[in-house]
């Protein structure tokens, strides 16, 4: 069974790992945009404008999900303990 301390540690590490992945993804899209676009246009037959919008939506949604499901519960449990 999970203790409160174990759950807090799990959410803390999960938040850190997810934000690190978000940062790496954002940096990759910023600095390696052309190779990434080339790969995705060949795989999914999308144009550059659609891919730019898709990348932005992905990053925004992923950030919201990290905040809602990792960061907010972590902060709430830290306040409670």
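In UniProt numbering, the protein residues as written are 1 to 81.
We treat Cβ as the ideally placed atom computed from N, Cα and C, and that holds for glycine.
Secondary structure note for residue 24: its alpha helix (DSSP H) is the uninterrupted segment 4 to 31. Distance between residue 38 and residue 57, taken at the CA atoms: about 19 Å. Residue 71 carries a helical assignment under DSSP once its states are collapsed to helix, strand and coil. Contact between the region 13 to 27 and the region 61 to 81 is present: three or more C-beta pairs spanning the two stretches fall below 8 Å.
The beta carbons of residue 7 and residue 77 sit closer together than 8 Å.
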